[in-house]
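Residue numbers (this note's numbering): 100 to 378.
In what follows, a single structure is set out as structure tokens and then discussed.
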Ligand SMILES: NC(=O)c1ccc[n+]([C@@H]2O[C@H](COP(=O)([O-])OP(=O)(O)OC[C@H]3O[C@@H](n4cnc5c(N)ncnc54)[C@H](OP(=O)(O)O)[C@@H]3O)[C@@H](O)[C@H]2O)c1
């Protein structure tokens, strides 16, 4: 039996990269999943971000060489930019026999991880920005080496920041990236456009912004909880020859909003596939 700092430290999480999404995960684990801060090891080169994680009680390291030799994490979360994945992975190879690796790097395929980690349990997951308030959507796909218990553990970790959707094929992660991963930005832009439209019809800028934000928030909450489909809800608020009908006539005239969004999602999907090539 080993003693002192040589004792094996089994379990816990190594979080590699604690930027926007890494920190959202960290906060979710602490605030919503009840994971003790002492179980979380954060590797982050940027000093302010390291301090931010340390202030929440996590143990922090500048790079992987600082991680205790005896550490045997249950999960390694890869939350660095896609371009960094190839160069950082080797430093975590020693955990491949005991840990599940979960990558949230957009576009980076499982094969990139398997090239370094071999026959390890690896998950590709795609969260989105509302994860920072516990309202994210996380699409995930696990390779052939992940078992049922590990799938449950990863589901619990990801569920701390939103709703988890396991996909049946890896290629669907890129499709989900184009919809839920990038989707919040589409909605933020929609709010910007609706605000500008409000200003154009005479509203003060701050009123237009408040109306736009609360309309999108309220409509999204209603669509999320209602028994009616979005199409039925749209029909319910559209009186024949009314104001909404006049606006929808413009939005649905070819090529309408549907075509624009389809082209936007296709562009995001193409970019995810390109990242896979350079990743
Ligand atoms: N943000 C989103 O909405 C979102 C959504 C879905 C998926 N993702 C994915 O999540 C990943 C992280 O995105 P993000 O927005 O959180 O990026 P970010 O804010 O830039 O965070 C990444 C962090 O990783 C650090 N880092 C760089 N090299 C490292 C290394 N070798 N070891 C440990 N940490 C290292 C970076 O530090 P430096 O800045 O000093 O390099 C940075 O602080 C990306 O792969 C992205 O595709 C993000």
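Just so it is clear, CB atoms sit at the ideal spot from N, CA and C, and this is done for glycine as well.
Spatially closest choice to residue i from the options, by CA coordinates
i           : options            : result
residue 280 : 262, 316, 165, 114 : 262
residue 296 : 307, 287, 288      : 307
residue 156 : 148, 163, 162      : 148
residue 278 : 370, 160, 173, 300 : 370
residue 183 : 130, 116, 318      : 116
residue 227 : 122, 252, 199, 216 : 122
residue 219 : 200, 225, 303      : 200
residue 212 : 170, 241, 373      : 241
residue 187 : 320, 356, 254, 202 : 202
residue 267 : 224, 288, 282      : 224
residue 130 : 374, 327, 256, 181 : 256
residue 205 : 325, 337, 274, 124 : 274
residue 189 : 162, 170, 173      : 162
residue 110 : 139, 124, 322      : 139
residue 232 : 317, 128, 143      : 128
Distance, residue j Cα to residue i Cα
i           : j           : result
residue 100 : residue 141 : With a pLDDT of 33 at residue 100, under the threshold of 50, the modelled position of that residue is not reliable, and the figure given next carries that caveat. Between residue 100 and residue 141, the C-alpha separation is close to 27 Å.
residue 365 : residue 276 : 11 Å
residue 126 : residue 120 : 10 Å
residue 214 : residue 160 : 25 Å
residue 315 : residue 346 : 16 Å
residue 269 : residue 239 : 8 Å
residue 114 : residue 350 : 44 Å
residue 310 : residue 290 : 9 Å
residue 368 : residue 304 : 34 Å
residue 272 : residue 229 : 18 Å
residue 320 : residue 133 : 26 Å
residue 372 : residue 234 : 26 Å
residue 104 : residue 136 : Note that residue 104 has pLDDT 43, beneath the 50 cutoff, so the model's placement of it is unreliable and no number is given.
residue 112 : residue 283 : 27 Å
residue 328 : residue 244 : 38 Å
residue 217 : residue 375 : 18 Å
residue 362 : residue 355 : 11 Å
residue 359 : residue 323 : 23 Å
residue 198 : residue 209 : 15 Å
residue 145 : residue 154 : 14 Å
residue 170 : residue 152 : 19 Å
Ligand 1 heavy atom lying under 6 Å from the CB of residue i
i           : result
residue 145 : yes
residue 282 : no
residue 180 : yes
residue 272 : no
residue 119 : yes
residue 226 : yes
residue 234 : no
residue 222 : no
residue 115 : yes
residue 205 : yes
residue 142 : yes
residue 278 : no
residue 183 : yes
Residue i beta carbon near ligand 3 (any heavy atom closer than 6 Å)
i           : result
residue 148 : With respect to ligand 3, the structure shown offers nothing to examine, as its ligands consist of ligand 1.
Uninterrupted alpha helix (DSSP H) stretches inside the segment 190-273 (no shorter than 4 residues): 209-216, 247-258
Complete runs of the alpha helix (DSSP H) confined to the segment 138-167 [at least 4 residues]: 146-154
The segment 172-181 / the segment 329-349 touching (three or more Cβ pairs under 8 Å): no
Stretch-stretch touch, CB-based, cutoff 8 Å, three pairs: the segment 179-193 with the segment 161-169: yes
Validate contact between the segment 286-304 and the segment 247-267 using beta carbons, cut 8 Å, 3 pairs: no
Unbroken stretches of the alpha helix (DSSP H), 4 residues or longer, contained in the segment 299-377: 304-324, 329-335, 342-351, 356-377
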